[in-house]
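Engineer: In terms of this note's numbering, the sequence shown has 291 at position 217, counting the first letter as 1, and numbering is strictly consecutive.
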Amino acid sequence: MAISGVRFKTSSFVARVPPGVVVFLSATVWIAALLRSNFFADDFYLLANFSGFNNLFNVHLNEGQFAVNIFWILGTTAFGYGSAVPYLLLNSSILFGGVGMWLVACRRRWPATCGWWVAGLLAANAAWMTTALWSANSTHSAALFALGGAMLCHERVLRAGELQAARSWSLLGATAWLLVVASDPLYVGVVPIIIYCCLIQRPHLLRSAGSSWLTNAVLLCNVLLPCLYFALIGYPQKSAVAAYSGSSLRFIATDLRFYLNQMAPSAIIKAVYLSLGIVT
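1) Excluding sequence positions up to five away, which residues of its chain have a Cβ less than 8 Å from the Cβ of residue 182?
2) If we count the other Cβ atoms within 10 Å of its Cβ and call it buried at 16 or more, is residue 281 buried or exposed?
3) Alpha carbon to alpha carbon, how far is residue 96 from residue 212?
4) Can you tell me whether residue 46 is helix, strand or coil according to DSSP?
5) With a threshold of 8 Å, are at least 3 pairs of Cβ atoms found where one atom belongs to the segment 241–255 and the other to the segment 191–209?
6) Smallest Cα separation from residue 159: which of 286, 349, 108, 352?
7) Could you tell me which of 293, 352, 157 sits nearest to residue 277, measuring between CA atoms?
8) Report the option in 269, 124, 237, 273 whose CA atom is closest to the CA atom of residue 288.
9) Whole angstroms is fine: what's the gap from residue 86's alpha carbon to residue 352's?
10) Enumerate in chain order the residues of its own chain whose CB-to-CB distance from residue 271 is below 6 Å, with the five nearest sequence positions on each side excluded.
11) Cutting at 6 Å between CB atoms, please list the residues of its own chain near residue 119, excluding the five before and the five after it.
12) Given this structure, state the Cα-to-Cα distance separating residue 138 from residue 307, to the nearest angstrom.
13) Here's the rule I'm using: 16 or more other beta-carbon atoms within 10 Å means buried, otherwise exposed. How should residue 92 be labelled?
14) Could you tell me the distance, in whole angstroms, from the CA atom of residue 345 to the CA atom of residue 265?
15) Do the segment 171–180 and the segment 296–314 touch if we need at least three Cβ pairs shorter than 8 Å?
16) Are residue 299 and residue 188 touching if we call contact CB-CB under 8 Å?
17) Inspect the beta-carbon positions of residue 246 and residue 172 and report whether they are closer than 8 Å.
18) Could you check if residue 296 is buried or exposed, using at least 16 other CB atoms within 10 Å of its CB as the buried criterion?
19) Taking the C-alpha atoms as reference points, what is the distance between residue 225 and residue 334?
20) Between residue 113 and residue 121, is the Cβ-Cβ spacing less than 8 Å?
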C-alpha cells in the first residue's frame with residue numbers, strides 16, 4: 075500500500091509539472107512586462123475624472139461599471155500619478171485573487187491535478203495579460219474577483235451545518251454576484267451560473283427546519299440583485315456610449331467565436347479543454 079501510495083503521489087506530481095512550468099514562465103513574462111508598462115489610452119481619462127472622492131457614486135462617468143469608481147479613486151489617492159506600476163500591481167492582484175478563489179471553490183468538482191491543468195491553460199493562452207497589464211481593464215479583474223468570491227460563498231453554503239449560517243453565506247454570495255455585474259455589465263452572462271448555484275443550494279437550505287419562504291427570498295436575491303442592476307443602471311449607462319450603442323443579441327455568435335479564439339487558439343488547447351470537461 076505504501077509503495078502504491080508513493081507511486082500515486084509521484085505520478086500526480088509529474089502530471090502537475092507541465093502546467094507548473096507554464097505558470098512559472100507566464101509569471102516571468104508578466105513581471106518583465108509590468109516593469110516596462112505605463113499609462114495609456116483610457117487610463118488618462120480615468121485618472122482625470124476619478125481623482126479624489128467627488129465622483130464616487132457617479133454612474134454616468136463609469137458607464138455602469140462601479141468598480142471603476144472604487145479602483146481609480148483609491149488608486150489616485152494612494153499612488154498619485156507618477157507611475158502605472160502600483161496600479162498594475164493592484165489590478166493584477168485582484169485578478170489573481172479572483173482566479174485563485176475560483177480554483178479553490180471548484181476543487182470539489184475536479185482532482186487537484188485537473189485544477190493545475192486549468193490554471194496552466196488559463197496562463198498559457200495569455201488572454202489574461204491584456205487585463206493584468208492595462209489598468210483600465212480593472213473592471214474585468216474586479217468582476218472575476220467577485221465571481222471567485224461568489225463561488226466560495228456557494229461552497230460555504232453547501233458546507234454550513236446551521237441554517238442561519240447557510241443563509242448568511244447565500245446572502246453574501248448575492249452581494250458578490252451583484253458586484254460581478256456592477257464591475258462590468260458585460261458579465262451579466264453569469265446569470266445561468268447564478269441560477270445553477272441557487273438550484274443546488276435550495277435542497278440544502280430546505281433540509282433544515284425553517285421558513286421556506288425566507289429561504290426562497292434569500293435565493294431570489296442572488297438572481298434579482300445583479301439582474302436589477304443590469305436592467306436599471308448597467309445596460310442603460312453602457313448602451314448610452316457610442317461604442318456600445320449597437321448592442322444586440324445578433325452578436326452572440328460573433329462574441330462566442332471571439333472568446334473561443336482568445337481562450338483556445340489552437341486545436342490542442344481545445345482538445346485539452348474538452349478532455350477536462352469529460353473528466354470532471
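Note that beta-carbon positions come from the ideal geometry of N, C-alpha and C, so glycine has one too. Small disclaimer: the values here were computed from a predicted structure and weren't measured.
Structural biologist: Reading from the atomic positions:
1) Within the same chain, residue 182 has close Cβ partners 229.
2) Result: exposed.
3) Approximately 24 Å, taken between the alpha carbons.
4) The displayed coordinates of the chain run from 75 to 354. Any statement about residue 46 would go beyond what the structure contains.
5) When Cβ pairs closer than 8 Å are counted between the two stretches, the segment 241–255 is seen not to touch the segment 191–209, the count staying below three.
6) With distances taken between Cα atoms, residue 159 lies closest to 108.
7) Closest option to residue 277, Cα to Cα, is 293.
8) Ranking 269, 124, 237, 273 by Cα distance to residue 288 puts 237 first.
9) Approximately 19 Å between the Cα atoms of the pair.
10) Result list for residue 271: 228, in chain order.
11) If we look at residue 119 and ignore the five residues flanking it on each side, it has no Cβ neighbours.
12) Each residue's Cα considered, the two are about 6 Å apart.
13) Its Cβ having fewer than 16 others within 10 Å, residue 92 is exposed.
14) Our two residues, residue 345 and residue 265, have alpha carbons roughly 27 Å apart in a direct line.
15) Counting Cβ pairs under 8 Å, fewer than three are found: no touch.
16) In this structure, the beta-carbon distance from residue 299 to residue 188 does not fall below 8 Å.
17) Residue 246 is not a Cβ neighbour of residue 172, given a cutoff of 8 Å.
18) Classification for residue 296: buried.
19) For residue 225 and residue 334, the distance between alpha carbons rounds to 23 Å.
20) It is a contact, given that the beta carbons lie within the stated cut-off.
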